[in-house]
Amino acid sequence: MNYVTNLKKEDLAGDRIGVFFGTFAPLHVGHQAEIYKAAALNDGVLVVTSGYTGDRGEKIGLPLRKRFRYLRQAFADEWQIKVDYLDEDNMPKMPNGWDVWLAKLIAIVKRNIVNKDAKIIFYTGEQDYKDEIEKRLGDDPQYSVSLMDRTILNISATKIRQDPLKYWDFINRVFRRHFVQKVVVMGGANSGKSTLIRRLARSANSPFSDDFAEIYQEASNVADSEMDIKDYLNIIQGQYQANSTEINSPANNGLAIFNGDAISLQAYSNLLLNEDEREQLEHLYNTTISAEEIDLILVIPPFSDQRRTIIRATGAAVDPIKYHRELLRLINQYGFADKLVVLDAKNQPNDPAGYYARYLQALDAIQAYTGFDIEHRR
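Under UniProt numbering, the first residue of the sequence shown is numbered 1, with each subsequent residue one higher.
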């Protein structure tokens, strides 16, 4: 018996199989409670996500195939629970599609179970669905429909889609990655970027990533001016993975703050590499920037602080003003101007370098652009 598997599970064995179907956009604790109940009452449970092109899941960026993958991951370590999907494209829309839909669902059930004559119990939270299925099943003793008690956990996917941060604790952990608000802080070397990120994240009790470029350069013993195409390829992919790790972290509470991304790295490489090298990297930058789906960009502009000592030697190869200009150019080029906040709050006499002013401005920007209420969550 294989307890942990993602891509292939054994067909469900036994004489009594539960079938739990729905859109799952997203999967939440209410769904889970009922699925686990079905698993306790049956020899196995088949979870089937259904949908079509342009359905309510796809409208929020969770198309059917992605929901299937997330569900399969969510129940990867449950040997008694298997996942499949039902594509509703090319069939009549409801309510005219019930006959075709149910026939397809039964075929999916049959291909996922060992005993084709097993007792099949369909679980639904909608009385209308129960009535429609029972109408078509007739008196066939192999099948029955059970109506779930949705009052046990008063949560719905509709509520979550409307305000995911409000109902964050109800979203399955695998699906949370889709709803996390992603903030990246950009700035030149020795601008206080890492310190600001750390303090913002800890103020929100949220995860944050490290600057992978700095880690990579130290480990590889390579200075800025010595980096070649291979180095940039490694850093682009490494930073993306570092950010993804924080998104998927159990500490994710709806907000993740990144110390590096593809745009900030591209601005750097554009100032150091020749045209041919820049062209070789452009496709990877474009692909990565599209996949990052950043919600807010905070940029620290160049500033002077006579008291500050340089704590990182890397970065000296690029003029901070030129780097800032290139950052802004790329942000506009990629269409992120509406997500940009330049941290240019005015200095106060007791804050001459503006560190605290930038911190407060960043907190306000996070709440305004992401809806994440840091004051409420601290």
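Note that the Cβ used here is the ideal one computed from N, Cα and C, for glycine as well. This structure is a prediction, so every number in the text was calculated from the model and none was measured.
Contact annotation: I321 and G192 have beta-carbon atoms that are not nearer than 8 Å. With 16 or more neighbouring CB atoms inside 10 Å of its own CB, A74 falls in the buried class. K82 is the residue among S304, K82 and N252 whose C-alpha sits nearest the C-alpha of V45.
Restricting attention to alpha helix (DSSP H) runs no shorter than 4 residues, the region 148-173 encloses them at 157-162, ordered along the chain. With contacts defined as CB atoms closer than 8 Å, I197 and F208 qualify as a contacting pair. Counting only residues of its own chain and dropping the five nearest sequence neighbours on each side, E246 has a CB closer than 6 Å to the CB of P207, S209 and A256.
Between I155 and P164, the C-beta spacing is not below 8 Å.
In this chain, S249 is not harboured by any beta strand (DSSP E), its DSSP state being neither H nor E. Your pair I229 and E279 does not check out as a contact, with CB atoms roughly 11 Å apart and the cut at 8 Å. Per the C-alpha coordinates, the member of I108, Y240, G18 and G14 positioned closest to S50 is I108. Taking the Cβ atoms as the reference, R67 lies roughly 6 Å from G57, within the contact range of under 8 Å. Boundaries of the beta strand (DSSP E) harbouring F21: R16 to G22, taken from the DSSP string.
The continuous beta strand (DSSP E) containing G187 extends over residues Q181 to G187.
Non-local C-beta neighbours of P250 in its own chain, meaning closer than 8 Å and more than five positions away in sequence, comprise R173, ordered along the chain. By the beta-carbon neighbour count (other beta carbons within 10 angstroms, threshold 16), G254 is buried. Minimum Cα-Cα distance from Y334 among the listed residues E293, G18 and M94 corresponds to E293. In this structure, the alpha-carbon of Y323 lies about 7 Å from that of G188.
The three-state secondary structure of D231, taken from DSSP, is helix.
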